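Peer 1: Would you mind keeping the following structure in view while I ask a few things?
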Amino acid sequence: MIKQALKDKPLPVYGNGQNIRDWIHVTDHCRAIDLIVHSGRPGEVYNIGGNCEIRNIEIVKFILRYLNKSDSLITFVPDRKGHDLRYAVDFSKIEKAFGWRPEISFQRGMEETIQWYVKHW
Numbered sequence: 002m003i004k005q006a007l008k009d010k011p012l013p014v015y016g017n018g019q020n021i022r023d024w025i026h027v028t029d030h031c032r033a034i035d036l037i038v039h040s041g042r043p044g045e046v047y048n049i050g051g052n053c054e055i056r057n058i059e060i061v062k063f064i065l066r067y068l069n070k071s072d073s074l075i076t077f078v079p080d081r082k083g084h085d086l087r088y089a090v091d092f093s094k095i096e097k098a099f100g101w102r103p104e105i106s107f108q109r110g111m112e113e114t115i116q117w118y119v120k121h122w
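Note that the sequence shown covers residues 2 to 122 in the numbering used here.
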């Protein structure tokens, strides 16, 4: 999406963009994996989540606002069959077991990611 926006090309959004996803920064995800590898109990399942549920359309609009681009780049496309409305993860087990929580805010992570694309594309 970021590359498309930088090129002023259409940003395809499934359906009405109201689908919700749980966002986590890759650094937080890696910290959790490292913690589980070194401190988790063998055979246990630890879900990793970002505690940051955001609608897809809001993500696209965030990118456009940050880049000073028009919402007119948003192009709604037919939703795929069986597309889940919401993906979310309960990470309470890893939080209770190890005190782990995501540290990087969505806004900070997105800003850093967009800045990287601006610099490298």
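All C-beta atoms, glycine included, are put in the ideal place defined by N, C-alpha and C. Predicted model only: the values in this text are computed from it and were never measured.
With a threshold of 16 other CB atoms inside 10 Å of the CB of F92, please say whether the residue is buried or exposed.
Peer 2: Its Cβ being crowded by 16 or more others within 10 Å, F92 is buried.
Peer 1: Give the single residue among R32, A6, D23 and V119 whose Cα lies nearest to the Cα of N57.
Peer 2: D23
Peer 1: Please go through the same chain and pick out, in chain order, the residues whose beta-carbon is closer than 8 Å to the beta-carbon of V115, but skip the five residues on each side of it.
Peer 2: The identity of residue 115 in the sequence shown is Ile, whereas the question assumes Val. Closer than 8 Å at the Cβ level, and outside the excluded window around I115, lie I3, I64, Y67 and L68.
Peer 1: For T76 versus L12, is the C-beta distance shorter than 8 Å?
Peer 2: yes
Peer 1: Hey, could you find the ends of the alpha helix (DSSP H) I34 is sitting in?
Peer 2: V27 to S40
Peer 1: Could you check which residue in P43, K70, N17 and R102 has the C-alpha nearest to that of D29?
Peer 2: R102
Peer 1: Per DSSP, which one or two residues make a beta bridge with P79?
Peer 2: According to DSSP, P79 bridges with nothing at all.
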